[in-house]
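In the working numbering, the protein residues as written are 84 to 516. For glycine and all other residues, C-beta sits at the position ideal for the given N, C-alpha and C. All of these numbers come straight from a predicted model, not from anything done at the bench.
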């Protein structure tokens with residue numbers, strides 16, 4: 084009786100499938116084919132989801148989640164540019180270009196932003212190659228667009244293909260005689276080719292056509308500077324910086340020109356410009372490093388050292404800061420610490436496989452060699468000198484290196500006594516400048 088009252092799990096409706104319909108049987112072939120077809124259909128839907136979604140949702144009265152149009156990204160990029168945020172501008176112009184890959188205006192702005200960002204740091208060199216790609220694409224897609232040829236000209240100048248750049252700019256002005264930026268970049272190209280009068284004419288034409296051209300005023304300032312018209316040149320650099328006060332690079336251009344004047348007023352202008360950058364971007368290692376350089380040139384090594392150290396603290400991989408800090412310490416006769424910073428500079432230069440040997444900071448070699456010489460370590464010095472001479476094209480570096488080699492040779496032959504480290508407070512030997 085007990086056995087009859089026990090529930091048989093092996094015969095229950097749950098076990099045999101009858102609770103949900105018919106009893107379970109083996110999977111029939113037609114069902115297998117139907118299942119495979121359904122899976123294939125689902126795969127197709129997933130693959131073509133972006134195309135199918137609007138039609139399907141329209142049938143049920145639901146709007147799809149729309150991808151923002153290219154104009155949305157372009158407007159966001161332009162807003163970021165006027166706020167001095169080139170990273171965000173580039174990100175949004177890339178998104179716009181992804182949707183409209185043949186739009187000359189979008190490709191123009193994307194390439195221009197990339198070129199502007201490349202000014203900030205030598206590590207941004209890949210931006211130049213990308214700008215050239217977008218500019219070439221603009222020309223290929225728009226062979227009759229003056230703007231396409233204009234941005235190609237700018238990209239080629241930045242990529243040091245000056246003669247090709249001239250041809251692109253001339254093509255742009257042929258297509259549109261009022262293409263102001265084409266004249267601005269043509270001015271830059273002519274300047275690089277040593278055609279200074281023509282460069283000046285082109286820059287003047289650029290600002291006549293568009294008084295709000297940053298590159299027009301910058302290149303006009305450059306041409307006027309070469310002509311010795313420093314006051315007029317300074318005004319052009321100031322105008323360039325005033326067009327979009329949130330951008331950093333026009334302040335660097337202004338400061339670089341002002342430093343070149345080698346006057347107290349010029350140094351003051353440069354310091355003000357760099358501090359303006361730091362007021363917008365407190366983490367600008369380039370601004371701190373340029374302040375270091377400026378104070379060094381003024382002979383004020385304490386603030387120079389402090390600013391270089393600030394830069395290195397913010398970015399230990401910013402090679403330029405090590406170069407200038409090394410020079411500051413070398414001038415202060417702190418040769419051991421100068422050698423350490425020059426060595427870091429050289430190591431970082433060698434680690435950058437994209438950097439051409441002729442573009443390295445040769446100071447990090449020859450000044451390090453001279454510092455070893457001044458410490459009486461000619462074996463160390465000569466190893467550095469001989470390495471440097473295998474790749475440098477810098478005339479000043481070659482001259483200073485040969486001076487070091489000759490002094491070490493004289494010391495070996497007894498004609499010169501190499502300086503040796505001496506106890507404090509006796510001063511180390513005078514640096515060789």
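Backbone secondary structure at residue i - three-state DSSP
i           : result
residue 440 : helix
residue 464 : helix
residue 188 : helix
residue 343 : helix
residue 166 : coil
residue 304 : helix
residue 160 : helix
residue 314 : helix
residue 261 : coil
residue 332 : helix
Other residues of its chain near residue i: CB distance less than 8 Å, five sequence neighbours each side excluded
i           : result
residue 200 : 169, 170, 173, 207, 210
residue 397 : 366, 368, 371
residue 176 : 156, 157, 160, 189, 192, 193, 196
Distance between residue j and residue i (C-alpha atoms, nearest Å)
i           : j           : result
residue 36  : residue 191 : For residue 36 there is no data in the structure shown, the boundaries of the chain being 84 and 516.
residue 438 : residue 303 : 30 Å
residue 475 : residue 468 : 10 Å
residue 282 : residue 158 : 33 Å
residue 510 : residue 265 : 57 Å
residue 261 : residue 269 : 13 Å
residue 185 : residue 324 : 31 Å
residue 353 : residue 360 : 11 Å
residue 341 : residue 407 : 19 Å
residue 446 : residue 229 : 43 Å
residue 479 : residue 443 : 14 Å
residue 326 : residue 436 : 37 Å
residue 298 : residue 463 : 46 Å
residue 351 : residue 328 : 19 Å
residue 494 : residue 306 : 48 Å
residue 180 : residue 220 : 11 Å
residue 330 : residue 456 : 44 Å
Residue i classed as buried or exposed, judged by whether at least 16 other C-beta atoms fall within 10 angstroms
i           : result
residue 513 : exposed
residue 489 : exposed
residue 377 : buried
residue 197 : buried
residue 364 : exposed
residue 165 : exposed
residue 277 : exposed
residue 280 : exposed
residue 144 : At residue 144, the pLDDT of 49 sits below 50, so the modelled position is not reliable and the matter cannot be decided from this model.
residue 150 : exposed
residue 388 : buried
residue 127 : Since pLDDT at residue 127 reaches only 46, below the 50 mark, its modelled position is unreliable, and the value read off the structure follows with that caveat. Exposed, by the Cβ-count rule.
residue 419 : exposed
Close Cβ partners of residue i (< 7 Å) along its chain, the five nearest in sequence each way excluded
i           : result
residue 183 : 153, 189
residue 238 : 194, 198, 214, 215, 218
residue 413 : 421, 450, 454, 514
residue 32  : Missing from the structure shown is residue 32; the chain here goes from 84 to 516 and no further.
residue 293 : 263, 299
residue 409 : 421, 424, 425, 428, 447, 450
residue 290 : 296, 299, 300, 303
residue 85  : Confidence at residue 85 is low in this model, with a pLDDT of 38, below 50, so the placement of that residue should be treated as unreliable; the coordinate-derived value is given next. Excluding residues within five positions, none has a Cβ falling inside 7 Å.
Neighbourhood of residue i by C-beta, 6 Å cutoff - its chain only, sequence neighbours within 5 removed
i           : result
residue 422 : 451, 454
residue 356 : 334, 337, 338
residue 431 : 402
residue 440 : 474
residue 272 : 240, 245, 248, 249
residue 319 : 300, 303, 304
residue 236 : 248, 251, 252, 268
residue 391 : 375, 404, 407, 408
residue 483 : 449
Chain B contact for residue i (CB, 7 Å cutoff)
i           : result
residue 260 : Structure shown: chain B not included; a single protein chain is present.
Any non-hydrogen atom of the ligand GDP closer than 6 Å to residue i Cβ
i           : result
residue 319 : In the structure shown, the ligand GDP is absent, as is every other ligand, since no ligand is present at all.
Whether or not the segment 294 to 311 and the segment 345 to 356 are in contact is what I'm after, with contact meaning three or more pairs of Cβ atoms, one per stretch, closer than 8 Å; do they touch?
no
Should the segment 363 to 375 be called in touch with the segment 240 to 256, which here means at least 3 C-beta pairs below 8 Å?
no
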